[in-house]
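Asker: When we follow the numbering used here, the leftmost residue of the sequence shown carries the number 35, and every step to the right adds one.
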Amino acid sequence: MRQVLLNINCSPTISQSPDGDYDKFILGANNSLYPNQTLSDGDTLISPSQIFELGFFSPGASKSSFLGIWHKATPDIIIWVANRKNPIIESHGFLILSNDGLLILNTSRSSLIWSSNISGPVSSPVLQLLDNGNLALVEDSTTDKSNYIWQSFDYPCDTRVPGLKLMQNPDTGVEKYLTSWKSAEDPSPGDFIYRIENRGFSQMVIRKGSKKVYRSGAWNFNDSWRLMYEVPGDYCDNYGRCGPNGICRMHENPECECLKGFVPKSLNEWSVFDWSGGCVRSAPLDCEKEDGFLKMEGVKFADPLIFIENSSMGLSECRDECLKNCNCTAYADQYRSDVSSGCFMWLGDLIDLKLFGADFSTVPYIYIRVPISELDLKRKREELGLPLYALATIAAATNNFSVENLIGEGGFGPVYKGNLSGEQVIAVKRMSRNSRQGTEEFKTEVILIAKLQHRNLVRILGCCIQGEEKMLVYEYMHNKSLDYFIFDQERSVLLTWPKRFDIIMGIARGLLYLHHDSRLKVIHRDLKTSNILLDEGLNAKISDFGLARMLEGDETTSRTKRIVGTYGYMAPEYAFDGKFSIKSDVYSMGVVILEIVSGKRNRGFKIPAYYSNLLEQAFLLWKENRELELMDPCYKDSFDESQVKRCIQVGLLCVQKQAQERPVMPTVLLMLSTDDTKFPPPNEPGFFSGS
């Protein structure tokens, strides 16, 4: 279908007269038609510089003919049609200029097809085709050939060329706009219209019938010329592409995201790149309390469907007025050239927003209204210094959180594998609504991991906080978690003893950093094999800081009434009394060491019935000098006996019942890495039944 063609440089070369006027008439050439002369089918008028041609044509396979103007070098490009509503059928056409200046298009059967419209008779009229594609009627006797009595530029069709102005005459109300062809073989008016609309501010709009499909946005009013857009342009030019309160971002994938403070109306639709439903607020506005505004720059203003404008207001007054109106969703400078500042306010949903980028920083700011809670959240994000991902981005990366992308699940909720823009593989921890990890735990994890940097701690890439959705985005660990290997009969053989010992040392170094070497004194409180992730080289990285706590200054112990964590890894004083310290983590470290050595869970079904748990089995075997019986059989061909014995004894020292008897992490690391160190004998472990 031939639609609206916007061409602001349709002539590759436009010859100009010495005074620079390419509208200049050249009389007596074949660009002119005089009274009682006839332009027949097969004859043409050609503009002075051989750029445009007027004559009869039949589009495509059509048998009808029309009078029109086309590029002489490319006759298929028709820029104007006289009789587009009334074709010449089964006959030949004739264009005649009458003595009084009337243009008449007849057929060989003397049928009137089309005529020009002039206000009165003209003495010595002449019709000429100009180098800009305009067909103009003037008086031959006048010296001012630019005073057109009639011109084709007043009746545009579907193509805009230099000198053709789209406008509405304020005196007559006559409007000049472009209309598409009905089809490639039918130049009669089609469905698409391209016009200037003046609702609040002037902008170019394309409509299909009454439906708006494109709008240009406001002029940047900086008195300089530069290319702002090309039509057809990018996908963001499609009207309302991202739906209400969504913004389209050029050169981004996905191109649509919700404004800050909004979430997708339908996450399922957004995950399959259907953004038409747009976005809704993640939290309602509260007119009784002061809402706030987020400033955005480089944005094509929303379509002014419902608006208020006041040219006498300054920007601060505009803000106050917007706050007083519960329906006001955004405000901006009134940017028309005839006002110095002014106020423009949008009411209701914001439609057809597009982010131009930094190159369009001269476009005025728009201030989006959000609840005060969103501003607090924005400040927290800025304090963290973490990238913030849009919910739609994460949904697209994880295939809408599909089961195929699910790689794990804990008390906080599921973990998904994702792919950002086809390049970076990520792990997304999505907090479920009934998660035992509440909002405070989530914030704790974000704050802690953002401030902690160590090769044996998992690296956070960013977060997503939109409405009730809270997610953390981590680097993806290709080998999942430690428990995935050591408790599986087939996969456990991949962890030789040297690799298991490296993993133990990596966990110890990470815990040493948390307790002593970082700027913060951090108690993890949930150290376990499922929270130890393994990268491509099977290097250990501690993860999941949702239950972690910081100790202030010289503080060594704290207490809580809310006991959270995982039984089997909890120290007795924490499980029974809620007391936790760095020694609580040391206890968990001891359990993890013994599980790595044995390949058994502390509270698992592989423990013989006459032992209550793995710790008891390890302690009793150690007392009888039979500790090597604890070893996982799968690495018996690769183990170092002294290392295995040392790890078992260090593990037992870490899980002693009394917290004060357990070593601190510097001592643990020293004992693990030194062959000839004499260790104290361990006392009974926690949860020891004495059997």
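Even for Gly, the Cβ is constructed at its ideal location relative to N, Cα and C.
Here the structure is a predicted model, which is why all the values come from computation and not from measurement.
(1) Determine the DSSP secondary structure at Cys282, reduced to helix, strand or coil.
(2) So if DSSP puts Ile112 in a beta bridge, which residue, or which two residues, is it bridged to?
(3) Measure from the alpha carbon of Cys313 to the alpha carbon of each residue in Cys282, Phe335 and Ala461, then state which is nearest.
(4) Please name the residue or residues paired with Leu491 in a DSSP beta bridge.
(5) Using the rule of at least 16 other Cβ atoms within 10 Å of the residue's Cβ for burial, across every protein chain shown, is Asp578 buried or exposed?
(6) Could you give the distance in angstroms between the alpha-carbon of Thr594 and the alpha-carbon of Asp367?
(7) Return the CA-CA distance between Ser96 and Thr141, expressed in angstroms with no decimal places.
(8) For the alpha helix (DSSP H) containing Lys358, name the first residue and the last one.
(9) According to DSSP, Leu409 sits in a beta bridge with which residue or residues?
(10) CB-CB under 6 Å to Gln683, same chain, minus the five flanking residues each way: which ones, in chain order?
(11) To the nearest angstrom, how far is it from the Cα of Tyr603 to the Cα of Ser305?
(12) Taking DSSP as the reference, what is the three-state secondary structure of Leu591?
(13) Can you have a look at Pro715 and say buried or exposed, based on whether 16 or more other CB atoms are within 10 angstroms of its CB?
(14) Among Glu502, Ala652 and Pro288, whose alpha-carbon lies nearest the alpha-carbon of Lys679?
(15) Helix, strand or coil for Asp536, going by three-state DSSP, please let me know.
(16) Check for me: the alpha helix (DSSP H) holding Pro700 runs from which residue to which?
(17) Going by Cα to Cα distance, which pick from Ile541, Ile183 and Ala461 is closest to Leu572?
(18) Would you mind working out which of Pro278, Gly135 and Ser99 sits nearest Asn151, comparing C-alpha positions?
(19) Within a Cβ cutoff of 6 Å, which residues of the same chain sit near Glu718, ignoring the five residues on either side of it in sequence?
(20) Quick check: what's the CA-CA separation for Gly735 versus Ser83?
(21) Just to confirm my understanding: we take Cys497, look at its own chain, exclude 5 residues before and 5 after, and list those with CB closer than 6 Å. What are they?
(22) Less than 7 Å separating the beta-carbons of Ile103 and Ile122?
(23) Specify, as a first and last residue, the run of the alpha helix (DSSP H) that Asp522 falls within.
(24) Under a Cβ-count criterion, where at least 16 other Cβ atoms within 10 Å of its own Cβ denotes burial, should Asn70 be classed as buried or exposed?
(25) Nearest to Arg583 by CA position, among Lys575, Ser592 and Ile576, is which residue?
(26) So, with DSSP's three-state summary, where would you put Val306?
(27) Does the beta-carbon distance from Phe90 to Leu79 come in below 7 Å?
(28) Is Ser81 buried or exposed, if buried means 16 or more other CB atoms sit within 10 Å of its CB?
(29) Around the C-beta of Phe307, are 16 or more other C-beta atoms found within 10 angstroms, so that it is buried, or is it exposed?
(30) Opposite Pro719 in the DSSP bridges: which residues?
Answerer: Here's the rundown:
(1) In this structure, Cys282 counts as strand in the three-state DSSP scheme.
(2) Beta-bridge partners assigned by DSSP to Ile112: Trp104.
(3) Distances from the CA of Cys313 to each of Cys282, Phe335 and Ala461 were compared; the closest alpha carbon is that of Cys282.
(4) DSSP output for Leu491 lists Ile576 as bridge partner(s).
(5) Asp578 comes out buried.
(6) Distance between the alpha carbons of Thr594 and Asp367: 53 Å.
(7) Between the alpha carbons of Ser96 and Thr141 lies a distance of about 17 Å.
(8) Where Lys358 is concerned, the enclosing alpha helix (DSSP H) stretches over Leu349 to Lys358.
(9) Per DSSP, none; premise fails for Leu409.
(10) Excluding positions up to five away in sequence, the list reads Phe713.
(11) Those two C-alpha atoms are separated by around 39 Å.
(12) Note on identity: in this sequence residue 591 is Thr, with Leu being the wrong assignment. In this structure, Thr591 counts as strand in the three-state DSSP scheme.
(13) Pro715 is exposed by the Cβ-count criterion.
(14) Lys679 has its Cα closest to that of Ala652, out of Glu502, Ala652 and Pro288.
(15) Asp536 sits in a helix when the DSSP states are folded into three classes.
(16) From DSSP, the alpha helix (DSSP H) with Pro700 extends over Met699 to Ser707.
(17) Of the candidates Ile541, Ile183 and Ala461, the one whose C-alpha sits nearest the C-alpha of Leu572 is Ile541.
(18) It is Gly135.
(19) Excluding residues up to 5 positions away in sequence, Lys691 lie with their Cβ nearer than 6 Å to the Cβ of Glu718 in the same chain.
(20) Nothing can be reported for residue 735, as the shown portion of the chain is limited to 35 through 725.
(21) Same-chain partners within the cutoff: Leu420, Val480 and Leu506.
(22) No, the Cβ-Cβ distance between Ile103 and Ile122 is not below 7 Å.
(23) Where Asp522 is concerned, there is no enclosing alpha helix (DSSP H), given that its DSSP letter is neither H nor E.
(24) Residue environment: Asn70 is assigned as exposed (fewer than 16 neighbouring CB atoms within 10 Å of its CB, all protein chains considered).
(25) Ranking Lys575, Ser592 and Ile576 by Cα distance to Arg583 puts Ser592 first.
(26) The three-state secondary structure of Val306, taken from DSSP, is coil.
(27) No, these two residues do not count as a Cβ contact at 7 Å.
(28) With a 10 Å radius around the Cβ and a threshold of 16 neighbouring Cβ atoms, Ser81 comes out buried.
(29) Classification of Phe307: exposed, given that the 10 Å Cβ count is below 16.
(30) Answer by DSSP bridge pairing, in chain order: Gln690.
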